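Using the UniProt record's numbering, you'd call the opening residue of the sequence shown number 1 and step up by one each time. Using N, Cα and C, we set each Cβ at its ideal position, and we do this for glycine too. Note that the coordinates shown come from a computational prediction; the quantities given were computed from them, not determined experimentally.
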Amino acid sequence: MTVQGEAADHQWVDDHAGPVVRPYAMTRGRARPVTGTFDLISLVTATRAEVTPEVGIGPEHLAIVGLCQRIQSVAEIAAHLDLPVGTIRVLLGDLAARSLVQVREPQTTAGLPDNSIFEAVINGLRAL
């Protein structure tokens, strides 16, 4: 093997974890979740304390369920597992379809005051 080939092989190995798995391999090539959209601030909670491994549930799914024993946002899950948010959304879709997690989407802005109120407050603060 050439030096260039050795360098190419080495880039896909992590010193602590071993071979690196590409995100599309975890999602089996899927880019969108089977259910849900999962905003970054959506709150996720596991519905069960433990999940037995079954077909279609990988170690990343189990890690999400373990992490979500306490409420976590989608962004927090991605940060804790060091995975792209898109990958987390696909995995959460799998878990939600199996009722292994409950997802609470953020509330809409319908109940918030008009932007003119915020602008008036900012202008008032600047005048101080």
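Would DSSP call residue 73 helix, strand or coil? Here residue 73 refers to the residue found at position 73 when the sequence shown is read from its first residue. In this structure, residue 73 counts as strand in the three-state DSSP scheme.
Beta-carbon proximity of residue 38 to residue 103, cut-off 8 Å: Sequence index remark: in the sequence shown, residue 38 carries index 38 (1-based). Sequence index remark: in the sequence shown, residue 103 carries index 103 (1-based). Yes, Cβ-Cβ distance for residue 38 and residue 103 is below 8 Å.
For a test of the three-state rule: what should DSSP assign to residue 46, helix, strand or coil? Taking the first residue of the sequence shown as 1, we reach residue 46 at position 46. Three-state result, residue 46: strand.
On the DSSP letters alone, give me the boundaries of the alpha helix (DSSP H) that residue 32 sits inside. Here residue 32 refers to the residue found at position 32 of the sequence shown. Taken as a continuous stretch (DSSP letters only), residue 32 belongs to no alpha helix (DSSP H), as it is neither H nor E.
Return the Cβ separation of residue 125 and residue 75 in integer angstroms, given the expectation that the two are a contact with Cβ distance under 8 Å. Along the sequence shown, read from residue 1 onward, the residue named residue 125 stands at position 125. Along the sequence shown, read from residue 1 onward, the residue named residue 75 stands at position 75. Rounded, the Cβ-Cβ distance is 29 Å, inconsistent with contact.
Rounded to whole angstroms, what is the Cα-Cα separation between residue 187 and residue 115? As shown, the chain starts at 1 and ends at 128. That puts residue 187 outside it, with no answer to give.
Segments assigned alpha helix (DSSP H), at least 4 residues, entirely inside the region 55 to 108: 59 to 67, 74 to 81 and 85 to 97
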